[in-house]
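> Quick mapping for you: the protein sequence lines, in order, are chains A and B. For the first sequence, my numbering begins at 699 and goes up steadily by one. For the second sequence, my numbering begins at 710 and goes up steadily by one.
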Amino acid sequence: MRKIIKSAMFGLGLALTAPAVAAGGAKPVAVLYKNPQCDCCETYAKYLRVHGYEVKVQATHDLPLIKKKHGIPTALEGCHTTLVGGYVVEGHVPVKSLNKLLAQRPKITGISLPGMPTGSPGMMGPKTKPFKVFAFNKAGRSAVYSVE
Amino acid sequence: MLGATATAAAAVTGCSRVAARAGDIQLAAKAGRARLLSDSTVSTAVFGYGGQVPGRELRLRQGDRLRVSVKNELQEETTVHWHGIRLPNAMDGVPHLTQKPIKPGETFLYDFVAPDAGTYWYHPHHNSSQQVGRGLYGPLIVEEAEPIKVDRDITWLLGDWRLLEDGQISDDFGNMHDSMHAGRVGNTITINGRAPQPLAVRTGERVRLRLINAANARIFGLKFAGHSPKIVALDGQPVTPHEPSGSVLVGPAMRVDLIIDMVGDPSLKFAVEDTFYKGLEYTLTTLEYGPNPLRQALLTTPIALPPNRIAEPHLRAATRHEITFSGGMGGGMGMMGGGMMGGGMGMMGGMSWAINGVSATSHTHEPMLTFARGKTVVLNLNNDTAWWHPIHLHGHSFRVISRNGKPTAHREWQDTVLMPPRETAEIAFVADNPGDWMFHCHVLEHQAAGMMANLRVA
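Take a look at the structure:
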């Protein structure tokens, strides 16, 4: 936990000078698909950038088709959909879980923080309970991946 | 009367569709195929009136009686709503509220007089996200007794489709993402049911362009490069001619009548762009000038339309009501309404939209408000959401008297007021049409997810 916080702070400091590279070296480019009128997705993109990811934001009206194409179970849908390092990352997933995913590279389709919980990255308001991040596979099965 | 006007109408209608005249008309709601894409080898399975998209343009003169026999040849129930027409309640086409739904194989006769000249349209009010989204709609044009002078009277019925790669309609109607965000905004635009083609124009020509937004959810913001269109009517009702501030905004179900003087030089081309969604701007079509001018000097005849006879609201004697819209995904502030801010699985299933805290699940609920017949009503509308909403009242036109506390410049009559996120608007009208009237968001997915109410005039 301490290590993660340190890394996050380091990332914040670096953001002013070298936004594309974080403590752990170069990270894969993330493509974030979002509704053109949604603000929280932009805030999440900034959050990823602060943590060392290069993010390409793509506004689209086809989000329901994109979510279907990438096998996101309905119950796990969030707001925006991000493709990064060969994985699907759905919603406001905290970077700790994302980094873990890209470091361990499990055989899953992706991970999701369903809905838009307040206090999650890119969302205003207080965090009212731990965030449950779910893993899912192509068959539509899901399990808890991490709790933050 | 009908015969005499038919020739004139044909002369001013610059579209390929045959304009139907008032009187007895048969309309069948049925499945069909349409060529929506510029690739003419692909046809799309649609629903349509007469199996075509859009349904035939119905044209009549102000004060004429329209009798339309609607046969349901679909596999599901339907109704027809005559959007914007101030007609008797029993003809309004709202299932269970004003009529029984038309069952498959059944026929229903709609019979009413069109009191107001202007640009209107017709569409189902049953399972409407899907039925409209599959193409059930058509233009309804009520001509003025003494029309203004134009060279051409053109209808652009704007359609929006969510198509898959094979050109067929995506069947993901009712998905949670659309419901809780901006509605079902599609990926393919049509004008009068076809991929937009350039509009051939001539220097000096004056065109009346009737825009009808038949999309489930898409908002259009049109810019006519090199031209200065004047708005002369909104939702069918005349307004003081004026240039739009920015783009010509047309929310779902809204109509805008433009007068465009073709001021370009011969053989030039000008883009018509839709700039509403940031990052997703595109060129809708182009105005393409022919080599020969129609005339050297522009017409100087008046473009103001004669007003329709609508009872003027008496604001000092008005009954006032507060109306708050809530729900949907929050713009960075959590989900609005309902307290559904958890992080667990399936939590989105409980989300909805609401009017004054009530999320309606059918057309038949008790009236939210009852107005005394003949009295002026002012509704102070408060959009407490992160999304745009075109708010439609049935059976009446209302004046939009203020926005965000500031009086509107034109006090425009509308039947659908487009409300930006977090904004307010005051609307005023005389409740002079008795019955139970729907009051709802015309983003059809928002309506289906609870954003509707029933207002009674008694």
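Don't be surprised by glycine CBs; every beta carbon is placed ideally from N, CA and C. Here the structure is a predicted model, which is why all the values come from computation and not from measurement.
In its own chain, which residues sit with a C-beta less than 8 Å from the C-beta of H660(B), not counting the 5 before and 5 after it?
The question about residue 660(B) has no answer, for chain B in this structure spans 710 to 1167.
> Can you give the Cα-Cα distance for L866(B) and H832(B), rounded to whole angstroms?
Each residue's alpha carbon lies about 12 Å from the other.
> Within 8 Å (strictly less), CB to CB, does H759(A) reach chain B?
Yes, because at least one Cβ of chain B sits closer than 8 Å to the Cβ of H759(A).
> What residue range does the beta strand (DSSP E) around V676(B) cover?
There is simply no residue 676(B) to check, as chain B begins at 710 and stops at 1167 in what is shown.
> Cβ of P792(A) within 8 Å of Cβ of S818(A)?
Cβ distance < 8 Å, so P792(A) and S818(A) count as in contact.
> Buried or exposed, going by whether 16 or more other CB atoms sit within 10 Å of the CB of D974(B)?
Burial call: exposed.
> Counting only the same chain and skipping the five closest in sequence on each side, list residues whose C-beta sits under 8 Å from that of M699(A).
A caution first: M699(A) carries a pLDDT of 34, below 50, which makes its placement in the model unreliable, though a value can still be read off. Closer than 8 Å at Cβ, skipping near neighbours: no residue.
> Counting only Cβ pairs nearer than 8 Å, list the residues of chain A close to G1039(B).
Under the 8 Å cutoff, chain A gives C738, M814.
> In chain B, which residues lie with their C-beta within 7 Å of the C-beta of N733(A)?
Here the neighbours are H890, A891.
> Name the DSSP beta bridge partners of S840(A), please?
Answer is F834(A), bridged to S840(A).
> Which residues in the same chain as V762(B) place their Cβ atom closer than 6 Å to its Cβ, once the five residues preceding and following it in sequence are excluded?
Answer for V762(B): A743, V755, G844, G902, listed in chain order.
> Between which two residues does the beta strand (DSSP E) carrying Q756(A) extend?
Start and end: 753 to 757.
> Against chain A, with Cβ distances strictly below 8 Å, would K858(B) count as a contact?
Judged by the 8 Å Cβ criterion, K858(B) is not in contact with chain A.
> Using DSSP with H/G/I as helix, E/B as strand and the rest coil, what is M1160(B)?
The answer is coil: DSSP assigns M1160(B) none of H, G, I, E or B.
> Tell me whether the stretch 934 to 949 of chain B and the stretch 889 to 902 of chain B touch, counting them as touching only if at least three CB pairs, one residue from each stretch, are closer than 8 Å.
With the cut-off at 8 Å, the stretch 934 to 949 of chain B and the stretch 889 to 902 of chain B do not touch.
> Can you list the residues of chain B that K765(A) reaches, using a CB-CB cut of under 9 Å?
Those are N884, H886, listed as they occur along chain B.
> Quick one: which chain B residues come within Cβ less than 7 Å of T807(A)?
Going along chain B, no residue has its Cβ under 7 Å from T807(A), so there is no contact; the nearest lies around 16 Å.
> Does D881(B) come within less than 8 Å of chain A when only Cβ atoms are used?
So, interface residue.
> Compare the C-beta of G1059(B) against all C-beta atoms of chain A and say whether one is closer than 8 Å.
The predicted model places G1059(B) with a pLDDT of 48, which falls under 50 and marks its position as unreliable; any figure quoted below should be read in that light. By this cut-off, G1059(B) is not an interface position.
> Can the beta-carbon of G802(B) be found less than 8 Å from the beta-carbon of T816(B)?
Contact: no.
> If you draw a straight line from the alpha carbon of M1160(B) to that of Q1005(B), how long is it in whole angstroms?
So the two alpha carbons sit approximately 52 Å from each other.
> State buried or exposed for Q1123(B), treating a residue as buried only when at least 16 other CB atoms are found within 10 Å of its CB.
It counts as buried.
> My output table needs one value for M1147(B): the three-state DSSP class, helix, strand or coil.
Strand, per DSSP.
> Is it a yes or a no for the stretch 1132 to 1143 of chain B touching the stretch 956 to 970 of chain B, going by three-plus beta-carbon pairs under 8 Å?
Counting Cβ pairs under 8 Å, fewer than three are found: no touch.
> Just list the residues that DSSP pairs F817(B) with in beta bridges.
DSSP output for F817(B) lists V779(B) as bridge partner(s).
> Just to check my reading of the structure: A692(B) and W1062(B) have Cβ atoms closer than 8 Å, yes? What is that Cβ distance to the nearest angstrom?
Lying outside 710 to 1167, the shown extent of chain B, residue 692(B) is not represented and no answer is given.
> Got a sec, what are the start and stop residues for the beta strand (DSSP E) L1177(B) sits in?
This structure gives no information on residue 1177(B), because the portion of chain B shown stretches from 710 to 1167.
> Excluding the 5 residues preceding and the 5 following G709(A) in the sequence, name in chain order all residues of the same chain whose CB lies nearer than 6 Å to its CB.
Low local confidence applies: a pLDDT of 31 at G709(A) is under 50, so the model's placement there is unreliable, and no value is given.
> DSSP beta-bridge partners for W830(B)?
Answer is H792(B), P848(B).
> Counting only the same chain and skipping the five closest in sequence on each side, list residues whose C-beta sits under 6 Å from that of N798(B).
For N798(B), where only same-chain residues beyond five positions count, the Cβ hits under 6 Å are T807, G1144.
> For the beta strand (DSSP E) that contains R917(B), what are its first and last residues?
Segment 915 to 922, the beta strand (DSSP E) holding R917(B).
> Around the C-beta of L977(B), are 16 or more other C-beta atoms found within 10 angstroms, so that it is buried, or is it exposed?
By the 10 Å Cβ count, L977(B) comes out exposed.
> So that I know if they touch, is there some Cβ in chain A lying closer than 8 Å to that of K932(B)?
Cβ-Cβ to chain A under 8 Å: no for K932(B).
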